[in-house]
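Quick notes on the structure that follows.
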Amino acid sequence: MNPVKALTTHGQAIWLDFLARGFIANGDLKALVDSDGVRGVTSNPSIFEKAIGGSNEYDEAVSALLSEHDRSASDLYETLAVEDIQRAADALHSVYDELKGADGYVSLEVSPYLARDTDGTIAEAQRLWTSVARDNLMVKVPGTAEGIPAIRALIAQGISINVTLLFSQKMYAEVLEAYIAGLEDFVAKGGDPKRIASVASFFVSRIDTSVDTQLDGKIATAGGDEKARLETLKGKVAIANAKLAYQHYLKVIGSERWKKLAAKGAQVQRLLWASTGTKNKAYSDVLYVEELIGRDTVNTVPPATLDAFRDHGKPRDSLEQNIADAERVLADLSKSGISLDAITDALVEDGVKLFAEAFDKLLGAVAQKRAAILGSRIDAQSIKLPPAIEKDAKALSEKWRANGTIRALWARNASVWTGTDENKWLGWLDAVAREQNEVERYVAFAGWVKSKHFTDVVVLGMGGSSLGPEVLAETFGQIDGFPRLRIVDSTDPAQVRRTEASINLDRTLFIVSSKSGGTTEPNALMEYFFVRAGAKAADRFIAVTDPGSSLEKTATARGFAQIFHGEPTIGGRYSVLSPFGLVPAAAAGIDIADFLDLAGIMVRCCGPDVPPAENPGVQLGLALAAAAKHGRDKLTLTGSSRLASFGAWAEQLIAESTGKNGKALIPLEGEPLGKPDIYGNDRVFIDLRLKDDGDNAREAALAALEAAGHPVVRITVTSPAHIGQEFFRFEIATAVAGAVMGINPFDQPDVEAAKIKTRELTSAFEKSGALPAETAFETDGPIGIYTDAANADALRKAGAGTDLASWLKAHFGRIKANDYVAALAYLDRNDANIAAIHSLRMAIRDGKSVATCVGFGPRFLHSTGQAYKGGPNTGVFLQITADNASDLDVPGQKTSFGVIEAAQARGDFGVLTERGRRALRLHITGDVAKGLAAITAAAHAALK
């Protein structure tokens, strides 16, 4: 008789430790059942990783699944695995039927990530049992301390279990107890135990590998008889350990307790010998089969071991032989100073780790297949780093993989960051899925907007409530049949007046957008436009705010047309994929369903089941954090002209999230690319290119920067509708970078400081009718020069005199290597002023070879303002303010827009100087254009 088939006459079943789709489809499994009497199949992450990742036989199936709808890597894997398990179970069902449920099983493992999670293990085992829907399935559960109660609970529910990763007799005894207790629970509830089966997978060869290594260490220093005695233990411990475990099994099934269950038809929990492929070539390749043959056991073998035993295996009843020798072997091992308990404990830990690593590889392989099949439906990303930074980024990536940090992030574990309140601000992680359930409301809202024939939609917001909609407005443009989307996020009177002049108030929908409802700017803008809109203004006003806010109360009292609620667990700068971005998008005619579907693709790319190496958001975040550790903390954001507004949104997200506790990533939006020699070693370049934008000059500049050793990140956006993918990619990347930096990326303590200063000044105005008086240190024509005493003293010592150029020369003289300069303008953000400020920044960049930022107040206060005050003291600040030619009153308030803007500028400057920042304020009296020209001319003179 075939030696493999002959094992059944000794009471042992052979299972195959292998599974692959083609192996089943080609009939190879059925052939082994017929020829060798194979009675079962086991699978594990390593097996599936080799099958799915190591071949292309699953590509067609993955493609077919994705053609139905996009799926996560874990969903794809599980769907494929369930199909394979079902087919294997069907191929073995004749064995199951013939043996009346005593054999013919196929095993599928719960996620190795759940090895230390009892409740998670139970839930996943229940789900897999239901999904496979085959009575000859065994769900594999690890034999960890946390797995023991799960085993009992699952057996009590009538689910057949294969307990894996058993190494010690002690843990096996606990597993057998859990099985019996589970059966008793099941029977007590009226269940029939005949349909429940279980095996306890006791690992063998790995024990000898570990023991032999320690024995070799002792043998190397031992002499004479001791050396010989130690040599006799090599290759013996694993089998001795297994034989004694079997002795415990025999004792238990002989007990009265078991006999009561057996009388009701309960099946024994068979010991299954796992890891039976021989690792040491000095040992027989069938050692762990021949020495462990006995009744009520299973040996699960890899194909090579099966072939070997078929060729030259010698079946015999070996399991109950030489028990005294087995006891002596373990006693001698203990006398030698080697702890088998310590070894088996370590092997369990190592086993959990190895299965998790295999699962990482498996999910990574599936993620790669998914990305390849989806192609341009996923925005492409390329990260090119200098060798030293790349080495650190890879080390971080491996650390995050090994520690399961991305899973912890998605599980909302605050310890990923600082362990404070981060878990309360992670609602953005599932915002897309949540909003996909609200698509019908957005569609209805869009229909309502269209039916009203509005010409314009104006968002009255600030920071996260305005910058996201601004990106959507600029990226999508005006959509036929829908109003034009505009944004007002300023308290500058000229800018407010200019917006009013550009719209027809009677045909404009206003969206008041504020999470807290208490933000100064949108409230002032709401009061102004609500009055200007006339008697039926409420019919043309929408509120987007968090539940219970003061804005909700106002909107309700005034009868606003609609109120949309934000998600309180999402901070403003992470809110674009929530109603704060989607309500303006719907009003502008953007297809919300398509937008969210495309964004969802990136969410799944960055999900908890995608290992860091294949996770684009994590890779970007780790690359930025690694670059920052090498001093490259200035992020130059460039891109196609149609995507230019994305830079301001990303600038807020990155700066406000990371700029605190003396740390920061400083984003630089709107700074054109130059030649490599004008840059220091503090830059990272991130380019967002709209596919086929044809801007070869920008790519040539990026290529030159990369060749010069600068880190360059290229992201190709397939179409404007894909911009939602970039919102989520950058949100994940920012959260990841913040974790590596050791900061909380969801608070903004220094933004609050500026708000407090502003309130103090406006309160003073309300009491006295004027802002507190201030005196310029010098006046040069239309320019007044202001700063605090400490800065003034330092600048005078550096040569500042009576003219503006000398002050700027002294100020710019304080710029050091790896600093940055920020030009902060509290002016009308019109084309002329934008051009003038950017001309000034370019003169500074090229003259001092330093990174430059531009911010228009007050909007930058809610973004980069956090990093300027809370980040490292590497900023040199030039604030520019001006008299308002014509102010605007805020209805119902004593203050005006001009007063609020002035208070915000002075409050901002006050916090900068209190924090010891190098800051200079230039105030223009009279014509702003002439004042800006004078400042630019003085700057050029100072830079010579």
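Numbering (our numbering), first residue to last: 719 to 1662. The beta carbon of each residue, even a glycine, is placed where N, CA and C say it ideally should be.
Do you know offhand how far residue i's Cα is from residue j's?
{"i": "phenylalanine 1627", "j": "alanine 1415", "result": "39 Å"}
{"i": "alanine 791", "j": "threonine 1480", "result": "54 Å"}
{"i": "valine 859", "j": "alanine 871", "result": "12 Å"}
{"i": "valine 1230", "j": "phenylalanine 1163", "result": "16 Å"}
{"i": "phenylalanine 1578", "j": "serine 1208", "result": "10 Å"}
{"i": "asparagine 774", "j": "aspartate 1549", "result": "55 Å"}
{"i": "glutamate 949", "j": "serine 1054", "result": "11 Å"}
{"i": "valine 1572", "j": "proline 1590", "result": "18 Å"}
{"i": "isoleucine 869", "j": "proline 1104", "result": "50 Å"}
{"i": "alanine 1600", "j": "serine 785", "result": "58 Å"}
{"i": "proline 1329", "j": "phenylalanine 1073", "result": "14 Å"}
{"i": "alanine 992", "j": "isoleucine 957", "result": "12 Å"}
{"i": "tyrosine 1504", "j": "threonine 1237", "result": "28 Å"}
{"i": "threonine 1226", "j": "arginine 1258", "result": "7 Å"}
{"i": "leucine 1408", "j": "valine 828", "result": "42 Å"}
{"i": "glycine 900", "j": "threonine 862", "result": "17 Å"}
{"i": "alanine 1273", "j": "asparagine 1155", "result": "25 Å"}
{"i": "glycine 819", "j": "proline 721", "result": "24 Å"}
{"i": "aspartate 930", "j": "alanine 1060", "result": "14 Å"}
{"i": "lysine 954", "j": "aspartate 926", "result": "7 Å"}
Going by C-alpha distance, which of the options is nearest residue i?
{"i": "valine 1435", "options": "Asp1405, Arg1204, Ala1162 and Leu1080", "result": "Asp1405"}
{"i": "isoleucine 1101", "options": "Thr1582, Gly1335 and Glu1449", "result": "Gly1335"}
{"i": "leucine 826", "options": "Pro1021, Ile1041, Val800 and Lys818", "result": "Val800"}
{"i": "alanine 1022", "options": "Gln1039, Thr996 and Asp1043", "result": "Thr996"}
{"i": "alanine 1528", "options": "Val1469, Ala1491, Trp1135 and Asp1511", "result": "Asp1511"}
{"i": "valine 1175", "options": "Ile1197, Gly1181 and Val1161", "result": "Ile1197"}
{"i": "glutamine 985", "options": "Asp943, Pro1490, Trp1525 and Pro911", "result": "Pro911"}
{"i": "leucine 747", "options": "Tyr1006, Val824, Asn1241 and Ala1421", "result": "Val824"}
{"i": "glutamine 730", "options": "Glu1008, Asp1148, Phe1595 and Gly1412", "result": "Glu1008"}
What residue does the beta strand (DSSP E) around residue i start on, and which one ends it?
{"i": "histidine 1428", "result": "Where histidine 1428 is concerned, there is no enclosing beta strand (DSSP E), given that its DSSP letter is neither H nor E."}
{"i": "asparagine 1017", "result": "1015 to 1019"}
{"i": "phenylalanine 1595", "result": "1593 to 1600"}
{"i": "histidine 1641", "result": "1636 to 1642"}
{"i": "threonine 882", "result": "879 to 884"}
{"i": "proline 860", "result": "855 to 860"}
{"i": "valine 1175", "result": "1174 to 1178"}
{"i": "alanine 1518", "result": "Taken as a continuous stretch (DSSP letters only), alanine 1518 belongs to no beta strand (DSSP E), as it is neither H nor E."}
Could you have a look at residue i and say whether DSSP puts it in helix, strand or coil?
{"i": "glutamine 1622", "result": "helix"}
{"i": "valine 917", "result": "strand"}
{"i": "arginine 1028", "result": "helix"}
{"i": "tyrosine 1292", "result": "helix"}
{"i": "proline 1500", "result": "coil"}
{"i": "glutamate 1492", "result": "coil"}
{"i": "glutamine 1584", "result": "helix"}
{"i": "methionine 719", "result": "coil"}
{"i": "histidine 1529", "result": "helix"}
{"i": "isoleucine 1552", "result": "helix"}
{"i": "serine 1183", "result": "helix"}
{"i": "glutamine 730", "result": "strand"}
{"i": "glycine 691", "result": "Within the shown structure, residues of the chain are numbered from 719 to 1662, placing residue 691 beyond reach of any answer."}
{"i": "arginine 1202", "result": "strand"}
{"i": "leucine 725", "result": "helix"}
{"i": "threonine 1434", "result": "strand"}
Alpha helix (DSSP H) containing residue i: first to last residue?
{"i": "aspartate 1607", "result": "Looking at the DSSP string, aspartate 1607 is not in any alpha helix (DSSP H), and its letter there is neither H nor E."}
{"i": "histidine 1283", "result": "From DSSP, histidine 1283 is part of no alpha helix (DSSP H) but of the beta strand (DSSP E) over 1280 to 1283."}
{"i": "alanine 906", "result": "887 to 906"}
{"i": "valine 1572", "result": "No alpha helix (DSSP H) holds valine 1572; the beta strand (DSSP E) holding it covers 1569 to 1574."}
{"i": "threonine 836", "result": "836 to 850"}
{"i": "threonine 1654", "result": "1646 to 1661"}
{"i": "alanine 871", "result": "865 to 874"}
- Message: List, from N- to C-terminal side, the alpha helix (DSSP H) runs of 4 residues or more that fit wholly inside the segment 1079 to 1159.
- Response: 1105 to 1121, 1123 to 1128 and 1149 to 1154
- Considering only residues of the segment 793 to 834, which uninterrupted alpha helix (DSSP H) runs meet the minimum length of 4 residues and lie entirely inside it, listed in chain order? none
- Mind pulling the beta strand (DSSP E) runs of 3 or more residues that sit fully within the segment 1229 to 1279? 1259 to 1263
- Item | 4 or more residues per run - each alpha helix (DSSP H) lying fully within the segment 937 to 1010 | 942 to 949, 955 to 971, 974 to 981 and 1005 to 1008
- Task: Kindly provide the ranges of any alpha helix (DSSP H) runs that are 4 or more residues long and lie completely inside the segment 1348 to 1408, ordered along the chain.
- Result: 1364 to 1376
- Any chance you could list the alpha helix (DSSP H) runs of at least 4 consecutive residues sitting entirely within the segment 1302 to 1356, in chain order? 1310 to 1323 and 1334 to 1347
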